[in-house]
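Chains as they are written, first to last, in UniProt numbering: chain A, 1 to 210; chain B, 1 to 210; chain C, 1 to 210.
First comes the structure, then the notes that go with it.
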Amino acid sequence: MTERLTDVAWLLDLAGVFVFAVSGALTAVRQKLDVVGLVVLAEITGLGGGIVRDLMIGAVPPAAFTSLGYVLVPLAASALVFFWHPHVQRLMPGIMLFDAAGLGLFCTTGTVKALAFGLSPLHAVLLGTITAVGGGALRDLLSGQIPAVLYDRQLYALPALLGAAAVAATDAAGLHGDGVTAGAAVLAFGLRVLAMRYGWRAPRPRGVSD
Amino acid sequence: MTERLTDVAWLLDLAGVFVFAVSGALTAVRQKLDVVGLVVLAEITGLGGGIVRDLMIGAVPPAAFTSLGYVLVPLAASALVFFWHPHVQRLMPGIMLFDAAGLGLFCTTGTVKALAFGLSPLHAVLLGTITAVGGGALRDLLSGQIPAVLYDRQLYALPALLGAAAVAATDAAGLHGDGVTAGAAVLAFGLRVLAMRYGWRAPRPRGVSD
Amino acid sequence: MTERLTDVAWLLDLAGVFVFAVSGALTAVRQKLDVVGLVVLAEITGLGGGIVRDLMIGAVPPAAFTSLGYVLVPLAASALVFFWHPHVQRLMPGIMLFDAAGLGLFCTTGTVKALAFGLSPLHAVLLGTITAVGGGALRDLLSGQIPAVLYDRQLYALPALLGAAAVAATDAAGLHGDGVTAGAAVLAFGLRVLAMRYGWRAPRPRGVSD
Numbered sequence: 001m002t003e004r005l006t007d008v009a010w011l012l013d014l015a016g017v018f019v020f021a022v023s024g025a026l027t028a029v030r031q032k033l034d035v036v037g038l039v040v041l042a043e044i045t046g047l048g049g050g051i052v053r054d055l056m057i058g059a060v061p062p063a064a065f066t067s068l069g070y071v072l073v074p075l076a077a078s079a080l081v082f083f084w085h086p087h088v089q090r091l092m093p094g095i096m097l098f099d100a101a102g103l104g105l106f107c108t109t110g111t112v113k114a115l116a117f118g119l120s121p122l123h124a125v126l127l128g129t130i131t132a133v134g135g136g137a138l139r140d141l142l143s144g145q146i147p148a149v150l151y152d153r154q155l156y157a158l159p160a161l162l163g164a165a166a167v168a169a170t171d172a173a174g175l176h177g178d179g180v181t182a183g184a185a186v187l188a189f190g191l192r193v194l195a196m197r198y199g200w201r202a203p204r205p206r207g208v209s210d
Numbered sequence: 001m002t003e004r005l006t007d008v009a010w011l012l013d014l015a016g017v018f019v020f021a022v023s024g025a026l027t028a029v030r031q032k033l034d035v036v037g038l039v040v041l042a043e044i045t046g047l048g049g050g051i052v053r054d055l056m057i058g059a060v061p062p063a064a065f066t067s068l069g070y071v072l073v074p075l076a077a078s079a080l081v082f083f084w085h086p087h088v089q090r091l092m093p094g095i096m097l098f099d100a101a102g103l104g105l106f107c108t109t110g111t112v113k114a115l116a117f118g119l120s121p122l123h124a125v126l127l128g129t130i131t132a133v134g135g136g137a138l139r140d141l142l143s144g145q146i147p148a149v150l151y152d153r154q155l156y157a158l159p160a161l162l163g164a165a166a167v168a169a170t171d172a173a174g175l176h177g178d179g180v181t182a183g184a185a186v187l188a189f190g191l192r193v194l195a196m197r198y199g200w201r202a203p204r205p206r207g208v209s210d
Numbered sequence: 001m002t003e004r005l006t007d008v009a010w011l012l013d014l015a016g017v018f019v020f021a022v023s024g025a026l027t028a029v030r031q032k033l034d035v036v037g038l039v040v041l042a043e044i045t046g047l048g049g050g051i052v053r054d055l056m057i058g059a060v061p062p063a064a065f066t067s068l069g070y071v072l073v074p075l076a077a078s079a080l081v082f083f084w085h086p087h088v089q090r091l092m093p094g095i096m097l098f099d100a101a102g103l104g105l106f107c108t109t110g111t112v113k114a115l116a117f118g119l120s121p122l123h124a125v126l127l128g129t130i131t132a133v134g135g136g137a138l139r140d141l142l143s144g145q146i147p148a149v150l151y152d153r154q155l156y157a158l159p160a161l162l163g164a165a166a167v168a169a170t171d172a173a174g175l176h177g178d179g180v181t182a183g184a185a186v187l188a189f190g191l192r193v194l195a196m197r198y199g200w201r202a203p204r205p206r207g208v209s210d
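The structure is reproduced here in structure tokens:
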């Protein structure tokens, strides 16, 4: 992915990987995994969504396997959580903000890459959303849980979907570039923050309750 | 996959996707997932087997990411189940018949595609079977269950395997075409229906009982 | 993978597949799966790590889908366990030795193949390790368990990582060939055996206990 990202976008992408990796490592602590589980969950949460996207569009080897940064950043997140997880956990509200930023960034850069590989707007939106939520879903599966994105009714996938759709729509209208992508990322980020702030919930099928 | 399917075969394929997607969406209702989980399970149950096959044979992007129909049909199944799942559930016996039809169709078209990509008959049979049972296995994994196909002793994978083997055998004998594929699909469908009707069970290892 | 393995290496590789497949089939017995689950777990435990590696480096179709041996060997392991699992289970201590041998072999041949496909040493080490532990992780996921490699504190991934690193380091120093690979495999095997013998444990994050 590095070859199609500007320097700023690449740094932001690594920041997103870092935050997602921290959430994976914290899950490993909560599930009492050992150091192997912690590193694996950090790597997969940070990189899993992008790897799935790259396999689907045929960008092989995936970016995670061609850039040192993508492997080393989750390692740094692992070390941080391994030694100082009580402190990290206390920063959780702040981390949720960064997680929202990672969500916004991943859904938009994922859509941009899928479009660049010739996918239709609809499929690019799908893959952008998968880029954003896939790592977390793999994290949950590997730690023995149903992916939270499937049931916990937080608005998480939906902001990613809307951010991805904004990229695809502006692209179809002939607008490209970092500015447009950034705008769409801010849209997804803002929606996610508002959803957390006001407790917006995703609906469940008629008649289903706890 | 569209480029190698006739119009009739393509419509039947979409019908199979629809039925599998309904079963995924109903699983989401049963597991009390929210609307995101319902749509994801519908899409993955309907498309997952074919996506795994396409990744393995190198047909990238997978058919699911190049055709609008493959994405929209599970969305339609999702809407149906989201709003009217009590009615859909009442139609379950009929749905099981359609599911058997989807099984027959997927195992044979999956084998045909794998052969077209140059795989050996044995590997094509394997991938045809994976096409048929893979979506359901992913549905179960994502909803926190061991894949039913691995333990529930219904004859489900075996009819798919035999249908796939019939395609590979006739292909090796120089017989191709929609007619042969349809015959093999009917064979798998019929075996599956007979297995349901007469409660045929898959064996377990010696000495294993409940 | 056959095209880049010597005859001896290929036989050893099949031996590794066999041992891993036996462990998958025994897991199926323990989880009371039926014959389908037993065969699927045998195939996936034996072949899963290599398939993931091949998908990542773009070696498509994966070796498992181009060589008859890779499919038939897990079938033979399945038959053995299906009919004689009480006897097989009694051989468990010996099987653990073979498993350690499979670990050593898979981590080194996986690294060699990833290097041959042009990956960086770091990424090749990663993929070598995934080749060695990936099949077992998929086995656990499919049978409804958190992958043991993530939490059970045995030194399992670490010997694989060191064996893979030995291959990458000697390769960077200009040393190649079966002899070097065999030496690295023996290193990983030896570390794994010592870890079992002396009960070495992987650390957990500070403050995490049972």
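From the three backbone atoms N, C-alpha and C, an ideal C-beta is built for every residue, glycine too.
Terminal residues of the alpha helix (DSSP H) in which residue i lies
i               : result
R197 of chain B : D178 to Y198
L142 of chain B : P121 to L142
A202 of chain C : A202 of chain C -> no alpha helix (DSSP H), and no H or E assigned at all.
A168 of chain B : A157 to A172
Residue i to residue j span [Cα, whole Å]
i                      : j               : result
G50 of chain C         : D7 of chain C   : 18 angstroms
H176 of chain A        : S120 of chain A : 16 angstroms
P86 of chain A         : L14 of chain A  : 24 angstroms
G183 of chain C        : L161 of chain B : 42 angstroms
D171 of chain C        : L75 of chain C  : 35 angstroms
M1 of chain C          : V186 of chain A : Any answer about M1 of chain C is weak, because its pLDDT of 40 lies below 50 and its placement is not dependable; what the coordinates show is given next. Computed Cα separation, rounded: 46 angstroms.
V36 of chain C         : R53 of chain C  : 25 angstroms
A101 of chain C        : R90 of chain A  : 44 angstroms
D152 of chain B        : D210 of chain B : 11 angstroms
residue 233 of chain C : G128 of chain C : Limits of chain C in this structure are 1 at one end and 210 at the other, which puts residue 233 of chain C out of reach.
P147 of chain B        : E43 of chain B  : 17 angstroms
V67 of chain B         : L115 of chain A : In the sequence under discussion, the amino acid at residue 67 of chain B is Ser, which differs from the Val named in the question. Approximately 15 angstroms between the Cα atoms of the pair.
F83 of chain A         : L33 of chain B  : 36 angstroms
V189 of chain B        : A132 of chain B : Reading off the sequence, residue 189 of chain B comes out as Phe, not Val. Using only the alpha carbons, I get a separation of about 12 angstroms.
L105 of chain C        : D178 of chain C : 11 angstroms
D140 of chain A        : V193 of chain B : 36 angstroms
V73 of chain C         : A21 of chain C  : 8 angstroms
V17 of chain A         : H123 of chain B : 37 angstroms
D99 of chain B         : I57 of chain B  : 25 angstroms
S143 of chain B        : A137 of chain B : 10 angstroms
Bridge-paired residues (DSSP) for residue i
i               : result
Q154 of chain A : A:R201
In chain order, what residues of the stretch 58-69 of chain C put their CB closer than 9 angstroms to some CB of chain A?
G58 and V60
Going along the chain, which unbroken runs of the alpha helix (DSSP H) with 4 or more residues stay wholly within the UniProt domain "Glycine transporter" (11-85) of chain A?
You should have 35-57.
Enumerated in chain order, which unbroken segments of the alpha helix (DSSP H) with a length of 4 residues or greater are wholly contained in the stretch 91-116 of chain B?
92-116
With 8 angstroms as the limit, tell me which residues of the stretch 15-36 of chain C have their beta carbon closer than that to any beta carbon of chain A; keep them in chain order.
none
Along the stretch 80-98 of chain A, where does the CB come closer than 9 angstroms to a CB of chain C? Name the residues.
V81, F82, F83, W84, H85 and P86
Where the stretch 189-201 of chain C meets chain A: residues whose CB sits under 7 angstroms from a CB there
none
Name the residues in the stretch 143-157 of chain A whose C-beta lies less than 9 angstroms from a C-beta of chain C; which are they?
S143 and G144
Which residues, taken in chain order from the stretch 41-54 of chain A, show a beta carbon closer than 8 angstroms to some beta carbon of chain B?
Hits within the stretch: zero.
Residues of the stretch 122-133 of chain B in Cβ contact with chain C at a cutoff of 8 angstroms, in chain order, please.
L122, H123, L126 and L127
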